[in-house]
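Down below is the structure, laid out as structure tokens.
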Amino acid sequence: MKVLNFYNVKGGAGKSSLSYLTGLYLAGTNSKVLFLDLDPQCSLTSIFSNEMKDRTIYNFLADSFPLEEMIFQHSENIFYIPSSINVFKIQDKVLQNKLQKAIKKISSEFDYLIIDNSPNFSALSIASIQATDILFIPSQVSSFDFDSLVFTLQEVNEIKEDIKINVILNRVTKNETREETLFSNSKLLKDCIITRFQNQNSIRKFISNKDSLDKPKYAKLSESIHEALFPALFEVI
């Protein structure tokens, strides 16, 4: 099982949407995908269910229930572990190796684990990064977002030096070439894979409708997901 982690200390970068689209795309390749929502805002969880679950990642972190008992099935190839607002209370009290051991225990059951991380620097985010194969850092293209990206990279490199990092320039337009150059020329990003995910008005509607990527009208969206992810995935598959 490959662990893909979507993380940025800055909120609003698009990590929940991209993590969902990534898992959906991989499930469409007949891969078995498990989503893990570590964000107490529960954005990813709300895509799968409109109701609060009685079993969430909080129960595993706080009450020592087995991680595998927190798993819900959404469709044939898609499974998820919901988050809870209560994660706010314990995200700085997580034992560093607890999550990694639990992930390893279920690794034979799935092809991919997709983590939607909380947009902060906590014991929980550190624990998830330590268990990660590829870290995807979504970032919009502006000098303000660049500063947040630099901070995120610095913190990640202190946690795990050998991690594969893919920076996804999210919601880009054809007019942002100058700003993109700022990212591409940064020495800090020289070892990162940098890909683009173009701004598409259909994404929000696609997610809210819980639509399928195999429909012809979403061919362009599917292609954009592939282009944003494949360079990093190819190196670890």
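Taken in order, the sequence shown gives residues 711 to 947; the numbers are from this note's numbering.
For each residue, glycine too, the CB sits at the ideal point set by N, CA and C.
Bear in mind that the values here come from a model prediction, so they are computed numbers and not experimental data.
Any idea if residue i is buried or exposed, counting beta-carbon neighbours within 10 angstroms, 16 or more meaning buried?
{"i": "GLN801", "result": "buried"}
{"i": "PHE716", "result": "buried"}
{"i": "SER785", "result": "exposed"}
{"i": "ALA929", "result": "exposed"}
{"i": "LYS720", "result": "buried"}
{"i": "SER818", "result": "exposed"}
{"i": "LYS927", "result": "exposed"}
{"i": "MET780", "result": "buried"}
Looking only at C-alpha atoms, which of the options sits nearest to residue i?
{"i": "PRO750", "options": "ILE791, GLU868 and HIS784", "result": "ILE791"}
{"i": "LEU809", "options": "SER794, SER835 and HIS784", "result": "SER835"}
{"i": "SER793", "options": "LEU805, GLN783 and PHE770", "result": "PHE770"}
{"i": "ARG914", "options": "LEU899, LEU931 and THR905", "result": "LEU931"}
{"i": "PHE820", "options": "VAL882, LEU943, PHE789 and ASP872", "result": "PHE789"}
{"i": "LYS897", "options": "PRO829, LEU859 and GLU933", "result": "LEU859"}
{"i": "THR842", "options": "SER832, ASN830 and ILE869", "result": "ILE869"}
{"i": "PRO941", "options": "ILE917, GLU933, ASN919 and THR905", "result": "THR905"}
{"i": "VAL882", "options": "ARG765, PHE916, ILE839 and ASP855", "result": "ASP855"}
{"i": "ASP901", "options": "ASP857, ILE873, SER828 and SER912", "result": "ILE873"}
{"i": "LYS763", "options": "LYS742, ILE795 and LEU744", "result": "ILE795"}
{"i": "GLN908", "options": "LEU714, ASN718, MET711 and GLY724", "result": "GLY724"}
{"i": "PHE916", "options": "TYR822, GLN783, PHE893 and LEU728", "result": "LEU728"}
Span of the beta strand (DSSP E) holding residue i?
{"i": "TYR790", "result": "788-791"}
Considering residue i, what are the terminal residues of the alpha helix (DSSP H) in which it resides?
{"i": "PHE690", "result": "The first residue shown for the chain is 711 and the last is 947, placing residue 690 beyond what the model contains."}
{"i": "LYS915", "result": "912-918"}
{"i": "LYS712", "result": "Counting along the chain, LYS712 falls outside any alpha helix (DSSP H), though it belongs to the beta strand (DSSP E) covering 712-716."}
Checking contacts by CB at 8 Å: is residue i closer than that to chain C?
{"i": "LEU754", "result": "In the displayed structure, chain C is absent; only one protein chain is listed."}
| message | Under 8 Å, with one C-beta from each stretch per pair, do the segment 910-925 and the segment 724-737 reach the 3-pair mark? | response | yes
| For the segment 717-733 against the segment 809-819, are there 3 or more C-beta pairs whose distance is under 8 Å? | no
| query | Between the segment 851-865 and the segment 751-758, do three or more beta carbon pairs fall short of 8 Å? | reply | no
| query | Would you call the segment 844-851 and the segment 871-883 touching, i.e. three or more CB-CB distances under 8 Å? | reply | yes
| field | Every unbroken alpha helix (DSSP H) inside the segment 842-901 [4 residues or more] | value | 853-869 and 887-894
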